[in-house]
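Quick note: to get this note's numbering, add 1 to the position in the sequence shown (first position is 1).
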Amino acid sequence: MSAERRWEQRRFQLEESTTLNGGARTIFIESMTPGTTVPPHFHTRFSETFDLISGAISVYTTTEPDLDALEASAQELEVGKPATVKPELFHKYQVGAEPAVLRVVLTPGDPDFERLLKIMNGLDADGRMKEMGDSVELMAVIMGLSDAHLIGPAKEMLDGVKATKKDEIEALKAELLSKYDTEEALQALLVGE
């Protein structure tokens, strides 16, 4: 699965923080390498609006937790034509053959998702992301902070990890939040700061 996740090949910038706009929204820019994807999932706390800036990305959505239906639903994003995924809608996205840059708007804003962005950039800046890229404990922390509820085989795998490594996951989450969830990290993540 690490070839799909490519945590170490994703970069983030924050255009607007929920901590600075009364919780209205989180807006971030994600830069990704070719082939990057996320496992099929849904969110409960926010909608996501995907706005392609450059490159090629396909968004897959379905109302049922059916992987075949999800795979059959591919829609190419077009620059200047945002697509919104409402809460509870099963989805994933996949980058095409060239690097892509995507603006994502979470409505309402999500402080935990922003904490995740700080962690991801912090791990990358510290040179730890590449070594941790295949960590199932890190995947559990990422999915939890991003309110990503997996479906299919990834859900089964992650449920097993959560059941057997709960203490390790909580310890890693506490360590990462302690180190990277700082005002300095927020300012470094904000575009133009």
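A virtual CB, placed ideally from N, CA and C, is assigned to each residue, including glycine.
This one's a predicted model, so the numbers in the text were calculated from it and none came from an experiment.
What is the C-beta distance between residue i and residue j, in whole angstroms, given that I count them as a contact (C-beta under 8 Å)?
i: Leu-1; j: Glu-31; result: Residue 1 lies beyond the range of the chain shown here (2 to 194); nothing can be said about it.
i: Phe-29; j: Tyr-94; result: 14 Å between Cβ atoms; not a contact.
i: Thr-108; j: Ser-48; result: 5 Å
i: Ala-101; j: Ile-58; result: 5 Å
i: Arg-26; j: Thr-19; result: 7 Å
i: Val-60; j: Leu-78; result: 6 Å
Among the options, which has the Cα closest to the Cα of residue i?
i: Arg-12; options: Glu-185, Ala-186, Ala-155 and Asn-122; result: Asn-122
i: Glu-65; options: His-92, Val-96, Lys-174 and Thr-85; result: His-92
i: Leu-118; options: Gln-188, Thr-34, Thr-37 and Gly-23; result: Gln-188
i: Asp-69; options: Ile-170, Asp-182, Glu-171 and Ile-152; result: Ile-152
i: Glu-184; options: Ile-120, Leu-78, Asp-168 and Gly-24; result: Ile-120
By Cβ distance, which residues of its chain are closer than 6 Å to residue i, with the 5 residues on each side in sequence left out?
i: Val-137; result: Val-162
i: Glu-72; result: none
i: Val-80; result: Leu-53
i: Asp-113; result: Leu-146
Assign residue i to one of two classes, buried (16 or more other C-beta atoms within 10 Å of its C-beta) or exposed (fewer than that).
i: Pro-154; result: exposed
i: Lys-1; result: No statement about residue 1 is possible, as the shown extent of the chain runs from 2 to 194 and does not include it.
i: Gly-110; result: buried
i: Val-192; result: exposed
Leaving out five residues before and five after residue i in sequence, what residues of the same chain have Cβ atoms less than 7 Å from its Cβ?
i: Val-89; result: Sequence check: residue 89 is Glu here, not Val. Phe-43 and Thr-45.
Enumerate in chain order the residues of its own chain whose CB-to-CB distance from residue i is below 8 Å, with the five nearest sequence positions on each side excluded.
i: Val-96; result: Met-33, Thr-34, Pro-35, Gly-36, Thr-37, Thr-38, Gly-56, Ala-57 and Ile-58
i: Thr-62; result: Leu-71, Ser-74, Gln-76, Val-86, Leu-90, Phe-91 and His-92
Please determine if the region 159-178 and the region 138-151 are in contact, where contact requires at least 3 C-beta pairs separated by less than 8 Å.
-> Judged by Cβ distances under 8 Å, the region 159-178 makes contact with the region 138-151, as three or more pairs qualify.
Are the region 38-47 and the region 125-133 in contact at 8 Å, needing three or more beta carbon pairs?
-> The region 38-47, when compared against the region 125-133, does not touch it at the 8 Å Cβ threshold.
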